[in-house]
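Numbering (the working numbering), first residue to last: 391 to 907. Idealized CB from N, CA, C, for every residue including glycine.
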Ligand code: HXC
């Protein structure tokens, strides 16, 4: 019993306790270059917007003295809040309680939050900082992870899921972030299935935490991380920026922002942009940055598979997904990693009503045993699958090379692009001129006194007669050939028409397709 005043007092005391962390724990967290959950929450959410859920949750484990190690919240802060006015669901793992380890109840808080966010149609933002499965809780902890993964999958394509890794993320714990749409890693974080000690014991390899699963490795080599954040503040800035391009759910449109950039802006510099020499590289981001609204391009996966560029931008204020080949790296050819990068991005845009604009300059798929044995056939097919199944507005601009299967894969008309444009510098054919000439004139070249001269003259002829964009345009595979300076104006006008696109093709009923994953 007790008076109402006493009950309120008790509640206030319990609330205080829920927020209490020992000085030692806080100091340890700070010493590791990390903020506490409360400090992180303050930087992430709009002031006074947090509604905490599961504040008094506690674990019910008893083994290994666990009945004496309890804390309100069980090592994870979960709830609803606003980020720059947008409603979001957030969870933040608290390393100061048992290393943020995931027990049954900790997991259940995260899983129910994701379930709630899916029903509410709001993005899920997760801040991971955890030693993984709570060892003392055994299989209950694994069950908890299973629940999180299951709900990640149910939420996939319904609400955006963004995960920041701001500490350890090891073992099976990596799979919740991996099931999310975007991973941001701080320089202090790491992700791996098995740590350096197990690696050494299992295969004798010596490797540091950083080399095995640091931010740099995952952003450049594995492609697991989409963004690197230099420090914790950068994580929160990035989450806010990323959210500004995303709708809250699959039934909403991405947020429109009046950027003030002139939709009728001609870009004269583009008329002299393309090098005369067709094998000379250039940075396709120089095209992207001038065509889209000023300073709106947010590159995703910028350190990974650099032979392709993907990211979000605004065109006349509307969010678009940009996909491009990057001639600066591997001549812009497609390979295993760029296929994964492009197909994943295209599928994300399609799921969340983001029109796709593709810039093509691709000499083909990268040759060699590394690629073939690594399954470039299977991976390359993902791009074809992604474009073919997508129904959002799609505009493609062929800047220069568009050869072979890569031409088809890169958002061609044949895979459902709504409108395709080409610059007059476009070259579209089954294969590059030289290779083609050496095959079709094999006999003539063998007999020639000066085969190289002969190749040169045939190449010119091939370029002007076969690879010319006018041939594709005559078939209707290209809707128009545009002057480069017109690119922005044409794209804006076209996008404004395509915004009302409704594509509900009568596809054969099926449970789901089978993308070549
Ligand atoms: C229980 C854990 C824990 C865990 C850390 N702690 N990880 N408690 N289960 N998984 C506790 C520590 O005992 C310690 O408790 C406190 O958290 C802080 O940890 P420290 O080791 O002091 O911190 P630090 O030196 O920063 O090292 C962090 C760490 C290390 C690298 C994460 O704690 C570590 O290696 N932990 C184990 C990681 C691991 O192997 N996890 C299981 C992965 S397999 P006290 O009482 O001292 O404060 C997995 C399977 C998931 O997760 C499968 C899902 C499908």
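Original post:
Sorted by chain position, which residues of the same chain lie with C-beta nearer than 8 Å to residue 755's C-beta, five sequence neighbours on each side aside?
Top reply: 723, 724, 725, 761, 766, 770, 794, 795 and 796
**OP:** Pick helix, strand or coil for residue 443, following the three-state DSSP scheme.
**Re:** strand
Original post:
Measuring CA to CA, which of 687, 557 and 603 is closest to residue 707?
Top reply: 687
**OP:** With residue 791 as the anchor, note down where its alpha helix (DSSP H) starts and where it stops.
**Re:** Run containing residue 791: none in the alpha helix (DSSP H); it sits in the beta strand (DSSP E), 784-793.
**OP:** Can you give me the Cβ contacts of residue 906 inside the same chain, cut-off strictly under 7 Å, excluding the 5 residues immediately before and after it?
**Re:** The residues 768, 771, 772 and 775, in chain order, have a CB closer than 7 Å to that of residue 906 in the same chain once the five nearest residues on each side in sequence are set aside.
Original post:
From residue 460 to residue 581, what does the alpha carbon distance come to, in whole angstroms?
Top reply: 27 Å
Subject >> Rounded C-alpha distance that separates residue 611 from residue 699 >> reply: 15 Å
Original post:
Quick one: what does DSSP say residue 672 is sitting in, helix, strand or coil?
Top reply: coil
**OP:** Consider the C-beta atom of residue 563 and the heavy atoms of ligand 2; say whether any pair is separated by less than 7 Å.
**Re:** The ligand content of the structure shown is limited to ligand 1, which means ligand 2 is not among them.
Subject >> 8 Å contact criterion, which residue 510 and residue 539 should meet: CB distance rounded >> reply: Taking 8 Å as the upper bound for CB-CB distance, residue 510 and residue 539 are not in contact here, some 20 Å apart.
**OP:** Check residue 554 in the structure and name its three-state DSSP category.
**Re:** strand
Original post:
Looking at C-alpha atoms only, which residue of 532, 635 and 675 is the closest neighbour of residue 704?
Top reply: 635
Original post:
Out of 663, 626, 659 and 714, which has the shortest C-alpha to C-alpha gap to residue 432?
Top reply: The shortest Cα separation from residue 432 among 663, 626, 659 and 714 belongs to 626.
Original post:
Nearest to residue 780 by CA position, among 744, 811 and 790, is which residue?
Top reply: Cα-wise, what sits closest to residue 780 is 744.
Original post:
Is there at least one non-hydrogen atom of ligand 1 closer than 7 Å to the beta-carbon of residue 410?
Top reply: no
Original post:
For residue 517, which of 479, 729, 718 and 804 has the nearest alpha-carbon?
Top reply: 479
Original post:
Thinking C-beta only, is residue 563 closer than 8 Å to residue 624?
Top reply: no
Subject >> Continuous alpha helix (DSSP H) assignments of at least 4 residues falling wholly in the segment 427-478 >> reply: 427-434, all fully within the segment 427-478.
Original post:
Between the C-alpha atoms of residue 702 and residue 712, what's the straight-line distance to the nearest angstrom?
Top reply: Near 6 Å, if we compare the C-alpha coordinates of residue 712 and residue 702.
Original post:
If residue 465 and residue 448 are in contact, beta carbons under 8 Å, what's the gap, nearest whole angstrom?
Top reply: Going by Cβ atoms, the distance from residue 465 to residue 448 rounds to 10 Å, so no, they are not a contact pair.
Original post:
So is the beta-carbon of residue 532 under 7 Å away from any non-hydrogen atom of ligand 1?
Top reply: yes
Subject >> Buried versus exposed, by CB contacts within 10 Å (16 or more), residue 402 >> reply: Residue 402 counts as exposed, since fewer than 16 other beta carbons sit within 10 angstroms of its beta carbon.
Original post:
So, is residue 889 buried or exposed, given that buried needs 16 or more other C-beta atoms within 10 angstroms?
Top reply: Classification for residue 889: exposed.
Original post:
beta strand (DSSP E) containing residue 715: first to last residue?
Top reply: 708-715
Original post:
What does a CB cutoff of less than 6 Å around residue 444 pick up in its chain, not counting 5 residues either side in sequence?
Top reply: 468 and 499
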